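Chemist:
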Amino acid sequence: MRQVETIILGGGLTGLSAALHLEGDWLLVERESRLGGLTRTDERDGFLFDHTGHWLHLRFEHTRALVEELLGDNLLEVERRSAIYSFGRTSPYPFQANLFGLPPEVVRECLMGLIEAKMAEAVDEARGGLRPSPANFQEYVERHFGDGIAKHFMLPYNTKLWGCKPTEITADWCSRFVPRPSLARVVEGALSPPQSELGYNTRFVYPATGGIETLVRRMAERLPEERILTGVALRELDWRHRRVTLSDGTVLGYRRIISSIPLSLLLASMRDLPAEIDIWTDRLRCTSLKYLNLGLDLPRDETRAPRLPFDGVHWLYFPEERFPFYRIGCASNAVASLAPPGAASCYVELSNAHDVSEVDVLESVSRFLIDETRTLESRKQIVVAEFRRLSHGYVIFDEHYDPARAAVLPFLLHNGVCSTGRFGAWVYSSMEDALDDGIRAARKDGKGE
Ligand SMILES: Cc1cc2nc3c(=O)[nH]c(=O)nc-3n(C[C@H](O)[C@H](O)[C@H](O)COP(=O)(O)OP(=O)(O)OC[C@H]3O[C@@H](n4cnc5c(N)ncnc54)[C@H](O)[C@@H]3O)c2cc1C
C-alpha cells in the first residue's frame, strides 16, 4: 500500500490552493475528469459559460497578490452593475437603498416599515436592549428593514434563493452579505436616483480571456501532473487506520487529509463513526441549483451596434413569484470575451427547482426577454439554451447548521482530516475564501491550528 503524507480530496480552488502551498509529499484526488470544481468554464459555439456568474471579489492583500501573480496581464477589474427587476422596471441593487422610481405605494410601505423598525430599535435601546436576538431570517429582516422591504424584496427573493421558508433559516449569515443602509440613505435613495453602489462586492476582478477556469489552469500549470489524479473519487475513508479507498480500487495510506469535497459525502464515506457524529450526516442541508445557459444573438441599434441586454447591467435579481428564476446574469456585459462579437452569454438561476418544467422556464425567460424588456426581437435569437444542475449550491443555515459543524469539524481534525472550503467546511463562502482556505489548510500540521 502506497503511503502519502497528505491526500487532498477535491480539485476545486480550495484543493488546488492547498496543493500550491503545501510542502512535502501530497497527492490530489479529483472525481471529475477536469480540475476546477465550481470554477470550471464550459464552451459552446463560441460562448463561454461559468457555472453561473463567478466574479472574484478580493478583500485580502495576500489573495489579491496570488490572483494577480497567477493571472498576470490576463486580468480585468470591473465595477459591479447589478439591479433588481420588480414592478416591471429595474432598480439598482440593493433594493432597500434604491426605492426611487418604484410605485409610490411600495415606496411608502418600505419607508414607513423602516421608520417603524428604527423606532422600535430606539425604544429597545433606551430600555437597555432587552429584545432577544432574531430567531430566524424572517425576524431579522422584519426587525432591521421593516415590513415593506421585507414584503417587496427580502422575503420573496430569499424564499426563491434558498428554496425554503425564511423562518427555517437562522439570521447568522446576514451580517456579511446583506447590507444595512442607514435610514438617511434609504430616504435619499427613495427621493433621487442612486449615486454609488452599496454592499460587499462593488468591484470584482476576472480573467480577460478564457472564463474563470483560466485561474484554475494557471494554478494547475504550477503543479506536478503526476501528483494529480482526475476521474477518480474517494469511495471509502477508513479513519481509524488512516487509509482511503478510491473508486478505481487503489488503497492509500496517509498521515493527513485536506478535504474540500462536500462534508456530507465525506461523512457518508466513513464507516463506524461515533453516533454523536454520524447523526449529522443526513442533517446537513443545502440547495441544489438548476441553471440555464443562454447564448443570445443580439439585435442591433440604428448605428448597427449590438444592443446590450439589460442596458449593460451584469445581473438582475427577481423577487417576484411570477418568475420561476431568482437571477439572470449577462456575463458578457461584464467581460466581452465570454461571447462572440454581437452576441451575449447569459445564465438563468433556479433553486431547488424539482417541480418546474424546463419548457416553462424557457417560456418564462423568452417572454421576459422578448415581450417584457425587448432585449430580443424573436426567439430565433436564442442560439444556445442548455440546462445544467449543481447538486450543491448554497448551504442552508438551519437549526442543525451550527451544532453539526461544531461537532463534526473538530472530530475530523482530531483524526487528521482538515475538511475545508465551501462544502468541506459547509459555509457560505467565495472563491477568495477558497484560495485562503487552501493556504490555511496547507499551513496546519493536521493536528489543529
Ligand atoms: C452558483 C454559484 C455562484 C457563485 N458565484 C461566486 C462568485 O461570483 N464569486 C465568488 O467569489 N464565489 C462564487 N461562488 C462560490 C465559489 O464557487 C466557491 O466558494 C469556490 O469555488 C469553492 O471552491 P471549493 O474548492 O471549496 O469547492 P468546489 O469547487 O465544489 O470543489 C470541490 C471538488 O471536489 C470534487 N469532489 C466531490 N466529491 C468528490 C469525491 N468523492 N472524490 C473526489 N473529488 C470529489 C468536486 O468534483 C470538486 O471539483 C459561487 C458558488 C455558486 C454555487
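When we follow this note's numbering, the leftmost residue of the sequence shown carries the number 111, and every step to the right adds one. No residue lacks a Cβ here, since even glycine has one placed at the ideal position from N, Cα and C. Quick caveat: nothing in here was measured; it's all calculated off a predicted structure.
Suppose the cutoff is 6 Å on Cβ atoms and the five residues either side in sequence are ignored; what does the same chain contact list for ASP282 look like?
Modeler: Once the five neighbours on either side are set aside, the close Cβ partners of ASP282 are PHE507.
Chemist: Beta carbon of MET111, beta carbon of GLY422: below 8 Å?
Modeler: No, these two residues do not count as a Cβ contact at 8 Å.
Chemist: Return the chain-ordered list of same chain residues with a C-beta closer than 6 Å to the C-beta of GLY556, the five sequence neighbours on each side being excluded.
Modeler: Model confidence at GLY556 stands at a pLDDT of 45, short of 50, so the residue's coordinates are unreliable and nothing is read from them.
Chemist: Measure the Cβ-Cβ separation of TRP390 and ALA514 and say whether it is below 8 Å.
Modeler: In this structure, ALA514 lies closer than 8 Å to TRP390 by Cβ.
Chemist: Among VAL518, PRO429 and GLU142, whose alpha-carbon lies nearest the alpha-carbon of TYR267?
Modeler: For TYR267, the nearest C-alpha among the options comes from PRO429.
Chemist: Are LEU399 and VAL471 closer than 8 Å when you measure CB to CB?
Modeler: Result no, Cβ atoms of LEU399 and VAL471 do not sit closer than 8 Å.
Chemist: Under DSSP, the beta strand (DSSP E) around LEU339 begins and ends at which residues?
Modeler: Taken as a continuous stretch (DSSP letters only), the beta strand (DSSP E) holding LEU339 covers 338 to 340.
Chemist: Which residue wins for smallest C-alpha separation from ARG553, given the options GLU226, GLY134, GLU278 and GLU142?
Modeler: Cα-wise, what sits closest to ARG553 is GLY134.
Chemist: Measuring from the CB of MET541, is there a heavy atom of ligand 1 at a distance below 7 Å?
Modeler: True, at least one ligand heavy atom lies under 7 Å from that Cβ.
Chemist: Touch check for the segment 144 to 161 and the segment 119 to 134: three-plus C-beta pairs under 8 Å?
Modeler: The segment 144 to 161, when compared against the segment 119 to 134, does touch it at the 8 Å Cβ threshold.
Chemist: Quick one: residues in its chain with C-beta nearer than 6 Å to the C-beta of ALA343, no 5 flanking neighbours on either side, listed in chain order?
Modeler: Correct list, in chain order: ARG141 and SER357.
Chemist: Would you identify the three-state DSSP class for TRP349, choosing helix, strand or coil?
Modeler: In the structure shown, TRP349 sits in coil (DSSP, three-state: anything other than H, G, I, E or B).
Chemist: Count the other C-beta atoms from every protein chain shown that fall within 10 angstroms of the C-beta of LYS270, then say buried if there are 16 or more, exposed otherwise.
Modeler: Buried: at least 16 other Cβ atoms inside 10 Å.
Chemist: Tell me which residues share the same chain as VAL493 and place their Cβ nearer than 6 Å to its Cβ, disregarding the 5 neighbours each side in the sequence.
Modeler: Excluding residues within five positions, the ones whose Cβ falls inside 6 Å are GLY405 and ASP407.
Chemist: At a cut-off of 7 Å, is GLY120 close to ligand 1 when judged by its beta-carbon and the heavy atoms of the ligand?
Modeler: Indeed, a heavy atom of ligand 1 lies less than 7 Å from the Cβ.
Chemist: Between GLY558 and HIS524, what straight-line distance do the alpha-carbon atoms span, to the nearest angstrom?
Modeler: Bear in mind that a pLDDT of 40 at GLY558, under 50, signals an unreliable position, so the number given afterwards is only what the model happens to contain. Cα to Cα, the separation comes out at about 7 Å.
Chemist: In chain order, what residues of the same chain lie with their CB nearer than 7 Å to the CB of GLY584, ignoring the 5 residues before and after it?
Modeler: One cannot answer for residue 584 here, as it falls past the ends of the chain, which runs 111 to 559.
Chemist: Cβ of ARG395 within 8 Å of Cβ of LEU130?
Modeler: Cβ distance not < 8 Å, so ARG395 and LEU130 don't count as in contact.
Chemist: Hey, would you say the C-beta of THR162 is under 7 Å away from at least one heavy atom of ligand 1?
Modeler: THR162: yes, Cβ under 7 Å from ligand 1.
Chemist: Going residue by residue through the segment 402 to 467, where are the continuous alpha helix (DSSP H) segments of at least 4 residues, counting only ones entirely within it?
Modeler: Counting only runs of 4 or more, we get 441 to 444.
Chemist: Rounded to whole angstroms, how far is the Cβ of SER529 from the Cβ of LEU373, which I believe are closer than 8 Å?
Modeler: Correct: roughly 6 Å between the Cβ atoms.
Chemist: Measuring alpha carbon to alpha carbon, tell me which of ARG174, ARG393 and PHE533 ends up nearest ARG504.
Modeler: Note on identity: in this sequence residue 504 is Tyr, with Arg being the wrong assignment. TYR504 has its Cα closest to that of PHE533, out of ARG174, ARG393 and PHE533.
Chemist: In its own chain, which residues sit with a C-beta less than 8 Å from the C-beta of GLU226, not counting the 5 before and 5 after it?
Modeler: So the qualifying residues of the chain are GLY256 and ASP257.
Chemist: Starting from the C-beta of MET541, find all residues in its chain whose C-beta is less than 6 Å away, skip the five residues before and the five after it, and write them out in chain order.
Modeler: Excluding positions up to five away in sequence, the list reads LEU123 and LEU166.
Chemist: May I have the straight-line CA-CA distance separating GLU252 from THR277, to the nearest angstrom?
Modeler: Roughly 11 Å separates the two Cα atoms.
Chemist: Nearer than 7 Å: is that true of the beta carbon of PHE533 relative to any heavy atom of ligand 1?
Modeler: Checking every heavy atom of ligand 1 against the Cβ of PHE533, one is found closer than 7 Å.
Chemist: Measuring only from the beta carbon, is VAL139 closer than 7 Å to any heavy atom that is part of ligand 1?
Modeler: Under cutoff, so the answer is yes.
Chemist: Under 8 Å Cβ to Cβ from VAL297, same chain only, skipping five residues before and after it: list those, please.
Modeler: LEU221.
Chemist: Let me know the secondary structure DSSP gives LYS557 once reduced to three states.
Modeler: Bear in mind that a pLDDT of 44 at LYS557, under 50, signals an unreliable position, so the model cannot answer this.
Chemist: Thinking LEU119 and SER501 are a contact (beta carbons under 8 Å), I'd like their distance in whole angstroms, please.
Modeler: Contact doesn't hold; Cβ gap of about 16 Å is too wide.
Chemist: Quick one: what's got a C-beta closer than 7 Å to GLY273's C-beta in the same chain, skipping five residues either side?
Modeler: Closer than 7 Å at Cβ, skipping near neighbours: THR397, SER461 and ASN462.
Chemist: What residue range does the alpha helix (DSSP H) around ARG174 cover?
Modeler: Run containing ARG174: 171 to 181, per the alpha helix (DSSP H) assignment.
Chemist: Quick one: what's got a C-beta closer than 6 Å to GLY548's C-beta in the same chain, skipping five residues either side?
Modeler: Closer than 6 Å at the Cβ level, and outside the excluded window around GLY548, lie THR124, SER127 and ALA128.
Chemist: Cα-Cα, which of SER455, VAL139 and PRO450 is closest to ALA495?
Modeler: The candidate whose alpha carbon is nearest that of ALA495 is SER455.
Chemist: Does DSSP put ALA230 in a helix, in a strand, or in coil?
Modeler: In this structure, ALA230 counts as helix in the three-state DSSP scheme.
Chemist: Would you give the residue range spanned by the alpha helix (DSSP H) that ARG498 belongs to?
Modeler: First-last for ARG498: 492 to 500, but that is the beta strand (DSSP E), not the alpha helix (DSSP H).
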